[in-house]
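Before any comments, here is the structure.
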Amino acid sequence: MKIFFVGLLALTLLAGVTFADTAEQESLEESAEATCVTERCPGQYEVYKCCGKCYQETCITNAVKCEKECNPGCFCQDGFIREHQGGRCMPKRMCDIYLRRGFNSG
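The working numbering applies: residue 20 is where the sequence shown begins, and numbers increase by one.
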């Protein structure tokens, strides 16, 4: 019974820390976006953010440790993902097709 209680307590604390980190990031993003001077993004399905992640999710995403929490730049719109780092934005559901095509091309 003690093990169950300790496990439940640890899980509750972990959830609280995760929620606090998320709330802090959203607060930073909101304050940066409020004073933001937007720029035009060259790619289709891109939107400019004054406070975005330090990396962008790609079809082949690796975990990245960020030095800064807010990074200005062009980011894929919701529901879209980069083909590869620096590549164009495409619908997330197309990643499997993109990856198969890339591995089958030689």
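We put the CB at the ideal spot given by N, CA and C, even for glycine.
| query | result |
| --- | --- |
| 3-residue-minimum beta strand (DSSP E) runs that sit fully inside the stretch 69–96, ordered along the chain | 90–95 |
| Inter-residue Cα distance where the pair is Gln96 and Gly121 | 23 Å |
| Separation of Phe99 from Val83, as counted between CA atoms | 19 Å |
| Exposure label - Thr41; buried when at least 16 CB within 10 Å | Note that Thr41 has pLDDT 48, beneath the 50 cutoff, so the model's placement of it is unreliable and no number is given. |
| Nearest neighbour of Pro110, chosen from Cys69, Thr77, Arg119, Cys85 [CA to CA] | Thr77 |
| Continuous beta strand (DSSP E) stretch holding Cys55: start and end | First-last for Cys55: undefined, no H or E at that position. |
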